[in-house]
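Written below as structure tokens is the structure these notes are about.
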Amino acid sequence: MAGVAAIGAADLVAGFGLAGALVLPAEDPESVLAAWRSLPPDTAVIVLSDAAAEVLRAEPAVRAPDAPLTVVLP
0 MAGVAAIGAA DLVAGFGLAG ALVLPAEDPE SVLAAWRSLP PDTAVIVLSD
50 AAAEVLRAEP AVRAPDAPLT VVLP
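In numbering that gives the first Met the number 0, the protein residues as written are 0 to 73.
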């Protein structure tokens, strides 16, 4: 089954765990990149904080055709 993950500041993404998402708290650019790289292969959707999305904009793997769908929190 495809999974959902959330990456960003702990206070912004913690609640997604209640819905069954894999929560990967990341407070700085290095931890955001580490969280992205640690995603399980079956991840289909990733919820990102605005700060995490900004870090990942330059990451080529995010724009790959087979990359998971990303959604940025408002």
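We put the CB at the ideal spot given by N, CA and C, even for glycine.
Chain-order list of residues whose beta-carbon lies under 7 Å from that of residue i (same chain, five-residue window excluded)
| i | result |
| --- | --- |
| residue 2 | 21, 39, 41, 42 and 43 |
| residue 71 | 47, 49 and 52 |
C-alpha gap between residue i and residue j, whole angstroms
| i | j | result |
| --- | --- | --- |
| residue 65 | residue 58 | 14 Å |
| residue 10 | residue 24 | 8 Å |
| residue 27 | residue 35 | 12 Å |
Simplified DSSP assignment, three categories, for residue i
| i | result |
| --- | --- |
| residue 64 | coil |
| residue 17 | helix |
| residue 28 | helix |
Cβ neighbours of residue i in the same chain (closer than 6 Å, five flanking residues each side left out)
| i | result |
| --- | --- |
| residue 5 | 12, 15, 20, 22 and 46 |
Contact belief for residue i with residue j at Cβ below 8 Å, rounded distance in angstroms
| i | j | result |
| --- | --- | --- |
| residue 98 | residue 48 | Lying before the first or after the last residue shown, residue 98 is absent from the chain, which here runs from 0 to 73. |
8 Å CB neighbourhood of residue i in its chain, flanking five on each side removed
| i | result |
| --- | --- |
| residue 18 | 3 |
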